[in-house]
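Only one structure is covered here, and it is reproduced in the block below.
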Amino acid sequence: MKKVILYLLTGLLITFVLVGCNSDSAEGGSEGGGDTVELQLGHALSPGTPANELIEEMAGNVEEQTDGRVKINVFPDSQLGSETEMLEQMQVGSMEAATIMVGSMQALDKRMAIEDLPYMWKDIDHARAAYDGEFGDYLAGVMDEQGMKKIAYLEWGFRHITNNEKPIVEPSDMEGVKIRVSENSLRVDAFEQIGALPTSLAFSELYGALQQGTVDAQENPLANIAAAKFSEVQDYLSLTKHFYNTTMMVIDNETWDSISSEDQEIIMEEGERITKEVRELNDEQEEEYINQLKDEGMEVNDNVDTAAFREQMLPVYEEWEDEFGQELMDIYRDASGW
Numbered sequence: 144m145k146k147v148i149l150y151l152l153t154g155l156l157i158t159f160v161l162v163g164c165n166s167d168s169a170e171g172g173s174e175g176g177g178d179t180v181e182l183q184l185g186h187a188l189s190p191g192t193p194a195n196e197l198i199e200e201m202a203g204n205v206e207e208q209t210d211g212r213v214k215i216n217v218f219p220d221s222q223l224g225s226e227t228e229m230l231e232q233m234q235v236g237s238m239e240a241a242t243i244m245v246g247s248m249q250a251l252d253k254r255m256a257i258e259d260l261p262y263m264w265k266d267i268d269h270a271r272a273a274y275d276g277e278f279g280d281y282l283a284g285v286m287d288e289q290g291m292k293k294i295a296y297l298e299w300g301f302r303h304i305t306n307n308e309k310p311i312v313e314p315s316d317m318e319g320v321k322i323r324v325s326e327n328s329l330r331v332d333a334f335e336q337i338g339a340l341p342t343s344l345a346f347s348e349l350y351g352a353l354q355q356g357t358v359d360a361q362e363n364p365l366a367n368i369a370a371a372k373f374s375e376v377q378d379y380l381s382l383t384k385h386f387y388n389t390t391m392m393v394i395d396n397e398t399w400d401s402i403s404s405e406d407q408e409i410i411m412e413e414g415e416r417i418t419k420e421v422r423e424l425n426d427e428q429e430e431e432y433i434n435q436l437k438d439e440g441m442e443v444n445d446n447v448d449t450a451a452f453r454e455q456m457l458p459v460y461e462e463w464e465d466e467f468g469q470e471l472m473d474i475y476r477d478a479s480g481w
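All residue numbers for the sequence shown refer to the working numbering, where the first residue is 144 and numbers rise by one.
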């Protein structure tokens, strides 16, 4: 009988020890940050652009600095779909992160379309200051309402028109021109003001559409024009500067909340770093892109009557103002420089 009791006591002791060890192990894992959080991050930027290179660099730095607790898999060049499709995937939980043009986010909230007002900023310094200040904070708040945490603004810069017929100098040069624009209504409205025939296509489809003559023209920042090799299918580049674009890197709030505060801080610091660095790279490389495109056979035209373009496109401001609301329009006007 004594032996039976001894065996029972020994068994209970072993059980207590095992339970205690498992408990300690579980607590240690929690303190260490828990399981790895893996994010799929998609965007439409071409692989050779400064912004994409910095996103890739950020992903590597985050994984290293979090000791592998946060892993970001980057899918450039619309591999995961158009910007609208990527936003839809984020909403249903099949993607955790994306870097999307601010204007394209109007698919979730019409206020985000404000970024696509033509000739919105007096110069690039006013644009950058606005996104660093109250204007950028307001747009980040709009996306937070949609369940997405803003991590960074990554500048694309001013957009320019390429085509095959002739240099674009006056608004009348765009009459009847089939031009590809990204998937948002305000851009369509803006180009219709100057008599163009805008059509929406995913960026991944654009080279083929230009090659086949489905569209006559396109508009993009210099980095995208160079990286996508549009010089192979377009003869003229006109420096119209009609839109200034930036992208917003976002992580869905549910995923963000699953990341420890320590690792969140690492991600935000990396976001701030690449926000600054992409601007520096854009400034450094603008002339390089122009010279590259010239060397590749494009005729570059900087004799554009931007004042005439702005005046003819201005009616879209009045048409869209109700969509943006008085508060946002007041913030914009205070920052615009006009």
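For each residue, glycine too, the CB sits at the ideal point set by N, CA and C.
- Residue pairing of R254 in beta bridges, as defined by DSSP: absent, with no partner found.
- DSSP places Q336 outside both helix and strand once states are collapsed to three, so it counts as coil.
- Closest in C-alpha terms to G246, from the list E239, L260, M238, comes L260.
- In the DSSP secondary-structure assignment, I394 is bridged to A240, K292.
- Taken through DSSP and simplified to helix, strand or coil, Y350 comes out as helix.
- The closest CA to that of F218, considering only D210, Q183, A283, is found on Q183.
- Counting only the Cα atoms, A270 lies some 9 Å from G300.
- If you look at Q183, you'll find it in the beta strand (DSSP E) that goes 180-186.
- Per the DSSP secondary-structure output, I322 pairs in a beta bridge with P341, A360.
- Taking P193 as reference, the option from P310, W463, E427 with the minimal CA-CA separation is E427.
- Annotation: the continuous beta strand (DSSP E) that includes K214 extends over 213-218.
- Annotation for I409: V205, Q208, T209 place their beta carbon closer than 7 Å to its own, counting only its chain and skipping 5 residues before and after.
- The beta carbon of T418 sits closer than 7 Å to those of A295, Y296, L297, all from its chain and outside the five residues before and after it, given in chain order.
- Judged by their CB atoms, N444 and L380 are nearer to each other than the 8 Å cut-off.
- Close CB contacts of D252 within its chain, under the 8 Å cut and outside five residues either way in sequence, are with V285, M286, E288, Q289 (chain order).
- In the structure shown, the three-state DSSP call for H303 is strand.
- Bounds of the alpha helix (DSSP H) holding Y432 are 404-438.
- Looking from the CA of I433, the closest CA among F278, A250, A370 belongs to A370.
- Straight-line measurement puts the Cα of Q407 at about 46 Å from the Cα of Q355.
- Per the coordinates, the alpha-carbon of E442 lies some 27 Å from the alpha-carbon of W264.
- Closest in alpha carbon position to R422, among G191, L197, V180, is L197.
- Counting only the Cα atoms, P310 lies some 14 Å from K437.
- Exclusion of the five residues before and after M411 leaves I294 as the residues of its chain whose Cβ lies within less than 7 Å of its Cβ.
- Cα atoms of D473 and L282: separation of roughly 13 Å, rounded to the nearest angstrom.
- Looking at the backbone, the Cα of A202 and that of N216 are separated by about 7 Å.
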